[in-house]
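Quick note on numbering: full-length UniProt numbering labels position 51 of the sequence shown as 51, and the sequence is numbered without any gaps.
Okay, structure first, notes after.
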Amino acid sequence: MSSSWTVEVETKAPAAALFKATFIDWHNLGPKLIPEIITGVTLISGDGSPGSVRQVNFTTVVPFSFVKERIDFIDHEKFELKISVVEGGDLGNKIESATSHFKVESKGTGSIVKVTGTFKALPGVDVAEDIKKAKEGKMSSSWTVEVETKAPAAALFKATFIDWHNLGPKLIPEIITGVTLISGDGSPGSVRQVNFTTVVPFSFVKERIDFIDHEKFELKISVVEGGDLGNKIESATSHFKVESKGTGSIVKLTGTFKALPGVDVVEDIKKAKEGFIKSVKAVEAYLAANPGTYA
Numbered sequence: 001m002s003s004s005w006t007v008e009v010e011t012k013a014p015a016a017a018l019f020k021a022t023f024i025d026w027h028n029l030g031p032k033l034i035p036e037i038i039t040g041v042t043l044i045s046g047d048g049s050p051g052s053v054r055q056v057n058f059t060t061v062v063p064f065s066f067v068k069e070r071i072d073f074i075d076h077e078k079f080e081l082k083i084s085v086v087e088g089g090d091l092g093n094k095i096e097s098a099t100s101h102f103k104v105e106s107k108g109t110g111s112i113v114k115v116t117g118t119f120k121a122l123p124g125v126d127v128a129e130d131i132k133k134a135k136e137g138k139m140s141s142s143w144t145v146e147v148e149t150k151a152p153a154a155a156l157f158k159a160t161f162i163d164w165h166n167l168g169p170k171l172i173p174e175i176i177t178g179v180t181l182i183s184g185d186g187s188p189g190s191v192r193q194v195n196f197t198t199v200v201p202f203s204f205v206k207e208r209i210d211f212i213d214h215e216k217f218e219l220k221i222s223v224v225e226g227g228d229l230g231n232k233i234e235s236a237t238s239h240f241k242v243e244s245k246g247t248g249s250i251v252k253l254t255g256t257f258k259a260l261p262g263v264d265v266v267e268d269i270k271k272a273k274e275g276f277i278k279s280v281k282a283v284e285a286y287l288a289a290n291p292g293t294y295a
């Protein structure tokens with residue numbers, strides 16, 4: 001017996017452009033927009049027309065490494081697409097079958113994206129939480145920013161993310177008053193609280209460490225309390241990755257969030273980017289003045 005779920009997302013983007021970007025060119029755009037989730041999208045067979053199969057590969061934040069999807073139907077004029085999972089994902093683990101039907105409709109100068117997921121769960125399996133995550137994934141938005149520095153990747157990662165509870169309040173005391181580990185030891189599952197001065201519109205934010213890789217200089221955190229949570233956003237995660245470039249490094253941040261209905265967060269994103277750049281540049285200056293630190 002099959003079950004289904006639906007979700008609608010209203011956007012300010014024109015229907016034609018949104019359909020092309022989200023569904024036709026997703027193999028190029030997906031890994032760029034949400035690199036913390038998707039590592040790549042490959043066309044396994046076909047040319048993108050019905051019958052074609054594509055494979056979406058995921059990072060370790062997703063409980064499965066890949067999913068293969070068959071394109072069952074596509075209408076470029078009506079902005080409509082239907083796909084079925086043929087391998088990977090939760091197929092055989094939690095579900096027996098799954099299809100997704102996407103349709104983009106114009107609304108004024110913007111659009112509405114409608115998703116209907118139909119699935120058949122395996123006997124005795126509860127997929128309520130999986131459906132919730134699938135909906136959140138379709139309704140989330142993201143932003144990215146990159147900062148190039150002259151500091152070595154390893155030192156920058158340690159200073160900015162591992163020892164930030166000590167360094168942050170020293171480098172930008174006009175913004176941060178303190179960082180406290182609320183629970184855990186800094187490993188995944190730990191929660192830390194960042195306290196701010198009055199120049200920030202909220203007094204604190206509690207962040208949970210979801211993922212950390214000390215070798216690849218990668219970190220993912222989720223807001224669990226404070227900040228704009230419940231005020232402007234329903235959820236927010238940040239994915240940080242430091243990569244070497246010559247003798248220096250590049251710090252990449254991807255912020256993924258779900259805004260509350262009717263809330264415009266454009267200005268908040270702008271301020272978040274500016275604050276992140278300021279923090280990274282402060283660390284870069286500190287490391288330049290204190291060579292060998294965090295080596």
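For each residue, glycine too, the CB sits at the ideal point set by N, CA and C.
- The region 182-200 makes no contact with the region 248-257: fewer than 3 CB pairs, one atom from each, lie closer than 8 Å.
- Taking a cut-off of 8 Å for Cβ pairs, the region 27-42 and the region 50-60 touch, as three or more such pairs fall below it.
- The DSSP-derived three-state label of D268 is helix.
- In the structure shown, E80 falls within a strand segment according to DSSP collapsed to helix, strand and coil.
- For the options D213, F196, H214 and E36, the alpha carbon positioned closest to that of K206 is the one of F196.
- Runs of the beta strand (DSSP E) spanning 3 or more residues and lying entirely within the region 70-124 occur at 80-88, 95-107 and 110-121, in chain order.
- With a beta-carbon spacing of about 7 Å, F202 and D228 fall inside the 8 Å limit used to define contacts.
- If you look at K170, you'll find it in the alpha helix (DSSP H) that goes W164 to L171.
- Secondary structure note for H239: its beta strand (DSSP E) is the uninterrupted segment I233 to K245.
- For the options I37, T109, D268 and V280, the alpha carbon positioned closest to that of D210 is the one of I37.
- Setting aside the 5 residues that flank it on each side, L122 is surrounded in the same chain by K94, I95 and E96, each with a C-beta closer than 7 Å to its C-beta; the list follows chain order.
- Leaving aside the five residues that flank V280 on each side, the residues in its chain whose CB is nearer than 6 Å to its CB run, in chain order, V147 and V251.
- L260 and A159 do not touch by the CB rule: their CB atoms are close to 34 Å apart, not below 8 Å.
- Between the alpha carbons of A295 and V199 lies a distance of about 33 Å.
- Counting only the Cα atoms, D90 lies some 16 Å from W5.
- In the three-state scheme derived from DSSP, where H, G and I count as helix and E and B as strand, E36 is classed as coil.
- Residue state for L260 is assigned as coil, using DSSP reduced to three classes.
- L167 is the residue among E215, L167, G108 and V61 whose C-alpha sits nearest the C-alpha of N290.
- L171 and V283 have their alpha carbons spaced roughly 7 Å apart.
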